[in-house]
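All remarks here apply to the structure that follows.
In UniProt numbering, the protein residues as written are 1 to 74.
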């Protein structure tokens with residue numbers, strides 16, 4: 001996985017994580033896991049998805065900004 005931090009296959013309920021997350025702060029891994037889990041309930045990034053994110057990780061937007069500022073792989 002070279003271009004994504006994580007992905008979710010809603011058909012198989014499988015979640016894949018980029019191994020580069022092991023080199024990032026733990027909060028980044030937490031954010032990606034929490035981001036992928038709501039996809040099992042809501043496929044798209046709509047209001048319901050965002051509500052799940054707010055419920056599961058209230059400061060997710062701050063962590064997302066930090067993660068997006070970091071490089072993804074080589």
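Every residue gets a Cβ at the ideal spot worked out from N, C-alpha and C, and that includes glycine. No experiment lies behind these values; they were computed from the predicted model shown.
Problem - According to DSSP, residues forming a beta bridge with residue 16 - result: Paired residue(s): 7.
Problem - Contact set for residue 44: own chain, Cβ-Cβ below 7 Å, skip 5 residues either direction - result: In the same chain as residue 44, and ignoring 5 residues on each side of it, no C-beta atom comes closer than 7 Å to its own.
Handout entry: the stretch 63-73 / the stretch 45-52 touching (three or more Cβ pairs under 8 Å)
Key = Not touching, per the Cβ criterion.
Practice task
Could you work out which residue in 56, 65, 19 is closest to residue 3 when comparing CA atoms only?
Solution key: In terms of Cα proximity to residue 3, the closest of 56, 65, 19 is 19.
Handout entry: Backbone CA spacing between residue 15 and residue 29 [nearest angstrom]
Key = If I take the Cα positions, the gap works out to 13 Å.
Exercise for the section: Run the CB neighbour count on residue 41, radius 10 Å, all protein chains shown included, and call it buried at 16 or more, exposed below. Expected result: With fewer than 16 other Cβ atoms within 10 Å, it is exposed.
Practice task
Quick one: grab the DSSP three-state call for residue 26.
Solution key: Under the three-state reduction of DSSP output, residue 26 falls in the helix class.
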